[in-house]
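Structure, as structure tokens:
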Amino acid sequence: MSKNMRSVVSLSCVLCLVFAAACESKERPASPSPKNDAGENQPAPAQIPPTEIVVYTSHTSDEDSFNLRYGNLLRAKFPQHTIKFLNGSSGGSVAKMMTDKTKFDIYWATSGTYETSAFTYDFAYDLTPLIKKNNVDLNKFDSAFKNVVSGEAFEGRTYLFPVHADVQVTYYNKDLFEKFGVPFPHNDMTWDEFFKLAERMTRYEGGVQYVGYAPFIGQLIMNNQMSLPSLDRKTMTPTIASNSLWQTYFAQMFDLHSSMWNGTNPLSLKAIDVLTNFEKGTQAMMVYLPIVAEERKNIYQALNWDFVAIPTLKDYPGVGAQPYSVNFGINKLSENKDLAFDMIRFLATSEEAQRSFAMIGAGPVSSDKTILKAFGQGTSFKNKNWQAAYYHKQAAVNNYGGGPRTINSIYEKYANEMISKRMDLNTALRTAGEEATKALADLRPTLTAPGAN
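What follows is the structure in structure tokens.
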């Protein structure tokens with residue numbers, strides 16, 4: 001019986017099978033043992049009776065969205081089991097779920113949110129024993145996730161598996177470039193070249209202010225291409241004032257080109273405004289998530305646009321941004337940990353699930369390059385340059401735990417102060433470090449699981 005079989009048969013059928021096996025044992029060779037991820041023989045797994053697995057997220061994602069991405073895959077792979085979905089509306093907040101002792105087996109959320117919930121409310125479960133028990137090949141994950149899946153990120157413990165991840169690309173408006181007679185951006189641009197191109201596209205014409213580019217500041221900080229952590233986990237201190245690379249990064253990404261955003265009518269750099277300006281045709285380029293085009297396809301079907309790769313830093317050639325993942329893990333109170341792990345492992349490492357995510361524009365976490373070729377091919381824009389997302393190697397994920405989300409929001413706040421010229425670079429970095437240090441006192445419960453140290 002193969003590893004993934006979970007059939008439940010009646011007692012009479014079992015007796016028949018046993019009798020038949022006894023009679024035929026001398027006439028046919030034994031069936032080969034199931035294989036693990038490494039191709040080695042291992043004992044057949046114990047049969048698991050039909051079980052209800054409750055999958056919970058504190059996000060507002062509705063059941064239709066859940067089924068489209070995960071539920072349909074899980075039900076097809078595990079037809080004998082029942083998948084029940086709860087979200088922040090149907091199940092309530094994490095605090096309410098824990099107070100009411102509502103049972104759930106699997107929790108899923110984006111990076112930062114996952115750890116904040118699991119650590120604060122003490123339901124994080126170390127997957128390491130199940131990884132070893134099932135001989136999971138962690139090389140199936142893209143190397144960008146090595147710290148997270150190997151346990152290096154959390155004191156030797158693996159609390160979650162990424163199942164898909166957002167990557168960053170450069171969107172550009174073809175009509176604007178043609179209107180102003182400027183060449184399109186391309187995959188091999190450095191940020192220096194990119195900013196020069198953006199400045200050429202920035203102008204006031206026909207009563208309209210056009211801007212070549214405006215940054216999603218939070219994305220650029222959290223998923224920076226240098227893999228700079230916002231927090232030193234050994235000393236539990238912010239890194240922005242102590243690591244000189246932050247000064248280099250802030251200067252290049254936000255300070256040196258701030259004149260583009262500080263004209264007669266300064267631009268709002270709120271994320272929604274950056275997105276809206278691109279979509280209404282007054283911003284030539286934006287560096288953002290490719291899946292947004294499909295999620296807002298009614299808007300993008302009316303635009304003449306395409307993707308190229310994210311620009312690279314000159315000292316980090318060929319390195320893209322850090323991926324930002326959606327993660328699945330097990331509630332330590334679950335009574336169905338083995339089955340829950342089978343399901344999570346299926347989503348995170350199987351070719352079937354990873355290809356399914358790739359098709360709809362949800363970035364796969366797989367190291368299998370053939371899966372990446374399917375990226376975006378099931379969307380409304382399959383003829384766009386989706387491969388731009390993987391033109392460069394993904395930077396190693398180095399912001400994990402609940403704390404960095406809050407720390408990064410502080411860094412973002414002072415990047416805005418610097419861009420608006422209310423603070424100079426050094427003052428912004430120093431003040432960000434001071435505010436982040438104060439915030440850490442309240443963030444400590446989100447940084448690691450209780451009892452992990």
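According to full-length UniProt numbering, the sequence shown is numbered sequentially starting from 1. For every residue, glycine included, the Cβ atom is placed at its ideal position computed from N, Cα and C.
Worksheet entry | Presumed contact (8 Å Cβ cut-off) between Gly212 and Ala284, rounded CB distance | 5 Å
Worksheet item: From this set, Asp368, Tyr172 and Ile217, which residue's C-alpha is nearest Thr282's C-alpha?
Response: Tyr172
Discussion item. Looking at Ile53: is its Cβ nearer than 8 Å to the Cβ of Asn336?
Written reply: yes
Discussion item. Using only the alpha-carbon positions, how far apart do Thr237 and Trp261 sit?
Written reply: 32 Å
Discussion item. Quick check: the Cα distance between Ala30 and Phe141, rounded to an integer number of angstroms?
Written reply: Bear in mind that the predicted position of Ala30 carries a pLDDT of just 40, short of 50, making it unreliable; the figure below should be weighed with that in mind. Taking the straight line from one Cα to the other gives about 34 Å.
Worksheet entry | Buried versus exposed call for Gly361 [16 or more other C-beta atoms within 10 Å across all chains shown] | buried
Fill in: Residues near Glu24 by beta carbon distance below 6 Å, same chain, minus five either side
With a pLDDT of only 37 at Glu24, under the threshold of 50, the placement of this residue in the model should not be trusted; the figure read from the coordinates follows. So no residue of the chain qualifies.
Discussion item. For Asn331 and Asp100, which I take to be in contact (beta-carbon distance under 8 Å), what is that distance rounded to the nearest angstrom?
Written reply: Contact doesn't hold; Cβ gap of about 14 Å is too wide.
Worksheet item: Nearest-angstrom Cα distance between Leu74 and Pro450?
Response: 31 Å
Practice prompt. Name, in chain order, the residues that DSSP records as bridge partners for Gln209.
Written response: Tyr204
Worksheet item: Gly433 to Gly329, Cα distance in whole Å?
Response: 32 Å
Worksheet item: If you drop the 5 nearest sequence neighbours on each side, which residues of the same chain put their C-beta closer than 8 Å to that of Leu228?
Response: Thr239, Asn243, Leu245, Trp246, Tyr249 and Asn398
Worksheet item: Quick one, are the C-beta atoms of Leu447 and Gly401 less than 8 Å apart?
Response: yes
Item to complete: Leaving out five residues on either side along the sequence, give the residues of the same chain with a beta carbon under 6 Å from the beta carbon of Ala22.
Response: Residue confidence for Ala22 is low, a pLDDT of 37 falling below 50, so the modelled location carries little weight and cannot support an answer.
Worksheet item: Are the stretch 384 to 395 and the stretch 300 to 312 touching by the rule of at least three beta carbon pairs closer than 8 Å?
Response: yes
Discussion item. Going residue by residue through the stretch 359 to 418, where are the continuous alpha helix (DSSP H) segments of at least 4 residues, counting only ones entirely within it?
Written reply: 369 to 372
Worksheet item: Out of curiosity, what's the CA-to-CA distance linking Thr102 and Leu176?
Response: 53 Å
Discussion item. DSSP three-state label for Asp175, please.
Written reply: helix
Discussion item. Here's the rule: buried if 16 or more other CB atoms are within 10 angstroms of the residue's CB, otherwise exposed. What is Thr82?
Written reply: exposed
Discussion item. For a test of your reading of the model: does the CB of Phe254 fall under 7 Å from any non-hydrogen atom of the ligand HEM? Yes or no.
Written reply: As presented, the structure is devoid of all ligands, the ligand HEM included, so that no description of it is given.
Item to complete: State whether the stretch 114 to 126 contacts the stretch 152 to 161, with contact taken as three or more CB pairs (one from each stretch) at a distance under 8 Å.
Response: yes
Fill in: Test: Leu269 CB closer than 8 Å to a CB of chain D
Any reference to chain D falls outside this structure, which holds one protein chain only.
Practice prompt. Return the chain-ordered list of same chain residues with a C-beta closer than 6 Å to the C-beta of Ala415, the five sequence neighbours on each side being excluded.
Written response: Ile217 and Phe254
Worksheet entry | Cβ contact check for the stretch 190 to 210 and the stretch 282 to 302: 3 or more pairs under 8 Å | yes
Worksheet item: With C-beta atoms as the reference, is Phe195 less than 8 Å away from His257?
Response: yes
Practice prompt. Check Asp126 in the structure and name its three-state DSSP category.
Written response: coil
Fill in: For Ser325: DSSP bridge partner residues
Ala165
Discussion item. Threshold first: 4 residues or longer. Then list the alpha helix (DSSP H) segments lying entirely within the stretch 259 to 298, N to C.
Written reply: 271 to 279 and 291 to 295
Fill in: Status (buried if at least 16 other CB within 10 Å, exposed otherwise) for Thr379
buried
Fill in: Buried/exposed call for Gln47, threshold 16 Cβ in 10 Å
exposed
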